[in-house]
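Participant: Numbering (our numbering), first residue to last: 1 to 113. My structure is below; once you've seen it, I'll send some questions.
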């Protein structure tokens, strides 16, 4: 069910425009559902994560691979979350002029960030 009210659609002229807005909302909801599914993916310790980025104009690419494994986790706050690490690596690549890097985990390819 779309979260767009009928009243908000009244500003658009014609049913085609209203349909386009509803279609966009549906696509956004599907993307949000996919993001929620990704966020619920559980990766075991030692999972290999791979991400790639390319600059088409220069025909160059960047590949980053990492895994995180700890022998114990405790409540002291020293846990390293792979999702946070993926975001940091992506942000670092962006700071160097690369497009954002999306990482995927194996063996079952699932989006991490």
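Every residue, glycine too, gets a C-beta built ideally from N, C-alpha and C.
Please classify residue 112: is it buried, with 16 or more other beta-carbons within 10 angstroms of its beta-carbon, or exposed?
Facilitator: Buried, by the Cβ-count rule.
Participant: Would you list the one or two residues that DSSP bridges to residue 92?
Facilitator: Per DSSP, none; premise fails for residue 92.
Participant: For residue 68 and residue 42, I'd like the C-alpha separation in whole angstroms.
Facilitator: If I take the Cα positions, the gap works out to 13 Å.
Participant: Quick check: the Cα distance between residue 38 and residue 103, rounded to an integer number of angstroms?
Facilitator: Here the model assigns residue 38 a pLDDT of 48, short of 50, so the residue's position is not dependable and the matter cannot be decided.
Participant: Consult DSSP for residue 85 and reduce its assignment to one of helix, strand or coil.
Facilitator: helix
Participant: Compute the Euclidean distance between the alpha carbons of residue 105 and residue 55, then round it to the nearest angstrom.
Facilitator: Between residue 105 and residue 55, the alpha-carbon positions lie close to 23 Å from each other.
Participant: From which residue to which residue does the beta strand (DSSP E) around residue 50 run?
Facilitator: Residues 49-55.
Participant: Which residue wins for smallest C-alpha separation from residue 84, given the options 97, 96, 101 and 71?
Facilitator: 101
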